[in-house]
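Protein chains in written order, with the working numbering: chain Y, 26 to 473; chain A, 26 to 473.
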């Protein structure tokens, strides 16, 4: 079960300067009905993520089971949309100590930071490791750089068995990984053509690593199906959670100046969910001079770091809290504690956490900072599946509100092209000239 | 060595709409000279952090050595200013795998999340664990809640030896921890009275955990001393790195609408440095409706998540990159790789990382997004010490620019008081009534 409480974004709670009027929300009803029917028609292409909950997972589960049995280490080589989903599923559903007490141990090689690469290589044993290389295009620089080094290690340490330690997740037809995989008899999983990186967590990109880690991927998809069902039948703003999230954020942004969308779970396990959300929200909606900046925070930790700013700084924020109602374990403050602190006696950590959230919300209401709370009855694949689909649909719908294409990312290319030029890649000489024109180091201070 | 390159915040690079004119920067010279002399006088009180580099570290080192010899696990119980500094020093200077290959293993109990508490308890062995409880006030809810449970565990498992597993770092005179520590013969370290949480990393708050972990704390202080020296003698904006950082950010914010300050290190080890900076910047300057929102990003990972927004979204950002020039280890892409990807051959991961940063910077210049780069020749205690002092002084100086007190955090109290009320603490009944008045749950959607 998930519950969305949006009382505190409404004008009745925080006033009209910062809050939304109910009639203002409802004034979008014609737009919503029209957009709703467009989205239903787009599900075969742009909104293809909406089809993913209905896929057949048999093959994914069979391959995952083989890997679980054969290997002690499972390393995902991928970045951005190819890693954030799996990371989120791993951290929210497998717990903080998975790698200490369970196998296969899981690592993500996303960055090209040599310190991180070394840290992973120092732990894994190559002959017991499976590498899942994930890239839709098959040519992502970081992914291919990490892969190229690993390929060399596999070939030199395992001789002819090297290809059995690799699984590629890539475009069904195009790209370097597909070609190399076919030529070398490497097991491959398909990323459906119409699914872009940041909408791909419910494709083999996220499902396969999840299955290898023992996560119930069918339950993930069940949750997503349920959310798809609700979002497909409900045209009414107040009953469609995806449209509601999109609209409250859009109105807050464009009419109340809330240019920042903070997501602040009161759960350590949800930390990576925010990283996944950050990519989805920023890369989909950050275009044409528009879009909110997604900001990651964590309760209660950031009460001691960011709440001063959120309450008394610029009035440019809307906050989404995530709350967990039931936990697998909890710890009680004992009765026999010193008098000065005995107001804590008998409370549990979970209770304190939730009371801190309530206290923070009340303080924000008082400062008229709009905030939404998403409550999960517990952390489960089903609930996470619902949340994933919810935010994907909210993001897709927001594209219509902002009148932008939420499925492309044109501004990302420029930096890549300059990087290719700097690395001497063929065909990029003109970018090198442009780089030298643009890039100077004129103003510097150096301290020894 | 650290180097600050601010070429790309200047109007000559990115134009006058988004960039700063040199004469605009220099027009602050009288303000700077005046403020400079005020700051020198304030070092005995508000700017007391500037005295910390000159403290005697003998006692800290002696106690730390004892702990290193006696214990296999070292757990810091503290939150916000009491944990972010130690976390930053640990992650930047001890590496990603410290807890796997070294002792004492280090954990931070900051949150009151039962999942995190359980994760730590599942690993440590009480009879081999030292707990360092850190709180200036001695009454921080999260810290005391975690401590109360640990106290009970220590007493029941270790009988009369329980107090030898505790070290308190707290106010030299006041508060519950000081009182309880004195009564129970617990070893204690002093947080100097004039040092607030977020400026305390170079006091025993950060230095003691660092010393226990084997970090050279004298080198940390040497770096901070060097930065203090530069900042104390240089009244010229272009030669004083702290004033330069403060002024470029202030002008970008108040005159160019850059309400967001992104910090984006191209180093995994610097991830927690940004968390430390986030608290410093947000809690110090986020008041009176002013202050930038600090945002954490990581290169290259966030090129695949946030750069679309940074380049093509709202023009509300100034970005600080952190770059590491030399690494302890590096990995080369081999020569014998498939032709499609052979432009990578011969490059190292470190080179690719830095070329990605250059490519990203060029793309941002093209989109006229102001950015500063701080380069460290290497990750060392000395360089980190310089950076810490640099940002503390930049923050303190910024208080004068914004005309606010950077050393208080008045807006944090309200949420705490509501939380106390919700927990039934004596004397907070009126807050409970206020809470019930403010807090309703009127607008909700629930999905089973």
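Note that beta-carbon positions come from the ideal geometry of N, C-alpha and C, so glycine has one too.
What's the gap between the Cα of residue i and the Cα of residue j?
i: residue 321 of chain Y; j: residue 335 of chain A; result: 16 angstroms
i: residue 377 of chain Y; j: residue 296 of chain A; result: 28 angstroms
i: residue 434 of chain A; j: residue 308 of chain A; result: 6 angstroms
i: residue 163 of chain A; j: residue 152 of chain Y; result: 51 angstroms
i: residue 136 of chain A; j: residue 166 of chain A; result: 10 angstroms
i: residue 117 of chain Y; j: residue 158 of chain Y; result: 22 angstroms
i: residue 246 of chain Y; j: residue 121 of chain A; result: 34 angstroms
i: residue 226 of chain A; j: residue 256 of chain Y; result: 49 angstroms
i: residue 404 of chain A; j: residue 184 of chain A; result: 43 angstroms
i: residue 347 of chain A; j: residue 396 of chain A; result: 11 angstroms
i: residue 108 of chain A; j: residue 472 of chain Y; result: 28 angstroms
i: residue 154 of chain A; j: residue 218 of chain A; result: 29 angstroms
i: residue 249 of chain A; j: residue 234 of chain Y; result: 45 angstroms
i: residue 101 of chain Y; j: residue 365 of chain A; result: 22 angstroms
i: residue 299 of chain Y; j: residue 410 of chain Y; result: 15 angstroms
i: residue 274 of chain Y; j: residue 398 of chain Y; result: 13 angstroms
i: residue 262 of chain Y; j: residue 268 of chain Y; result: 6 angstroms
i: residue 134 of chain Y; j: residue 123 of chain A; result: 18 angstroms
i: residue 379 of chain A; j: residue 119 of chain Y; result: 34 angstroms
i: residue 339 of chain A; j: residue 393 of chain A; result: 12 angstroms
i: residue 91 of chain Y; j: residue 80 of chain Y; result: 20 angstroms
i: residue 329 of chain Y; j: residue 439 of chain A; result: 12 angstroms
i: residue 70 of chain A; j: residue 412 of chain A; result: 22 angstroms
Quick one: which chain A residues come within Cβ less than 9 angstroms of residue i?
i: residue 197 of chain Y; result: Those within 9 angstroms of residue 197 of chain Y in chain A number zero; the least Cβ separation is about 18 angstroms.
i: residue 340 of chain Y; result: 314
i: residue 331 of chain Y; result: 303, 304, 307, 308, 311, 318 and 319
i: residue 251 of chain Y; result: 472 and 473
i: residue 82 of chain Y; result: None at all; the shortest Cβ gap to chain A is about 22 angstroms.
If you follow the beta strand (DSSP E) that residue i is part of, which residue opens it and which one closes it?
i: residue 427 of chain A; result: First-last for residue 427 of chain A: 406-427, but that is the alpha helix (DSSP H), not the beta strand (DSSP E).
i: residue 30 of chain Y; result: 27-30
i: residue 346 of chain Y; result: 342-349
i: residue 213 of chain Y; result: 212-215
i: residue 131 of chain A; result: 130-134
i: residue 201 of chain A; result: Here residue 201 of chain A belongs to no beta strand (DSSP E); instead the alpha helix (DSSP H) covers 201-208.
i: residue 398 of chain Y; result: 396-401
Strictly below 7 angstroms CB to CB, what residues from chain Y border residue i?
i: residue 35 of chain A; result: 468
i: residue 264 of chain A; result: 470
Run through chain Y and tell me which residues come within less than 8 angstroms of residue i, C-beta to C-beta.
i: residue 169 of chain A; result: 366 and 369
i: residue 363 of chain A; result: 201 and 205
i: residue 449 of chain A; result: 368
i: residue 61 of chain A; result: The premise fails here: residue 61 of chain A is roughly 16 angstroms from chain Y at the closest Cβ pair, so nothing lies under 8 angstroms.
i: residue 213 of chain A; result: Neighbours of residue 213 of chain A on chain Y: none; closest Cβ ~16 angstroms, over 8 angstroms.
Along chain Y, which residues have their Cβ under 9 angstroms away from the Cβ of residue i?
i: residue 354 of chain A; result: 139, 140, 142 and 143
i: residue 32 of chain A; result: 464, 465, 466, 467, 468 and 469
Assuming the contact rule is C-beta atoms closer than 8 angstroms, residue i and residue j should be a hit. Round their C-beta distance to whole Å, please.
i: residue 359 of chain A; j: residue 173 of chain Y; result: 7 angstroms
i: residue 355 of chain A; j: residue 139 of chain Y; result: 5 angstroms
i: residue 105 of chain Y; j: residue 304 of chain Y; result: 6 angstroms
i: residue 50 of chain Y; j: residue 272 of chain Y; result: 6 angstroms
Tell me the residue span of the alpha helix (DSSP H) that contains residue i.
i: residue 253 of chain A; result: 242-258
i: residue 60 of chain Y; result: 54-67
i: residue 335 of chain Y; result: 332-337
i: residue 124 of chain A; result: 123-126
i: residue 230 of chain A; result: 229-237
i: residue 379 of chain Y; result: 374-391
i: residue 142 of chain Y; result: 139-146
i: residue 88 of chain A; result: 83-95
i: residue 445 of chain A; result: 438-447
i: residue 115 of chain A; result: 109-119
i: residue 460 of chain A; result: 454-463
Give the interface partners of residue i over in chain A, defined as CB-CB distance under 7 angstroms, in chain order.
i: residue 136 of chain Y; result: 293, 325 and 326
i: residue 444 of chain Y; result: 380, 381 and 384
Check the Cβ of residue i against every Cβ in chain A and list those closer than 8 angstroms, keeping chain order.
i: residue 430 of chain Y; result: Simply none; closest approach about 12 angstroms.
i: residue 243 of chain Y; result: Correct list: empty, because the minimum Cβ distance to chain A is about 18 angstroms.
i: residue 148 of chain Y; result: 122 and 125
Going along the chain, which unbroken runs of the beta strand (DSSP E) with 3 or more residues stay wholly within the region 265-326 of chain A? Every unbroken stretch of the beta strand (DSSP E) spanning 3 or more residues and falling wholly within the region 265-326 of chain A is given here in chain order: 285-290 and 318-321.
Could you tell me which whole alpha helix (DSSP H) segments of length 4 or greater appear in the region 154-199 of chain Y? The qualifying runs are 166-183.
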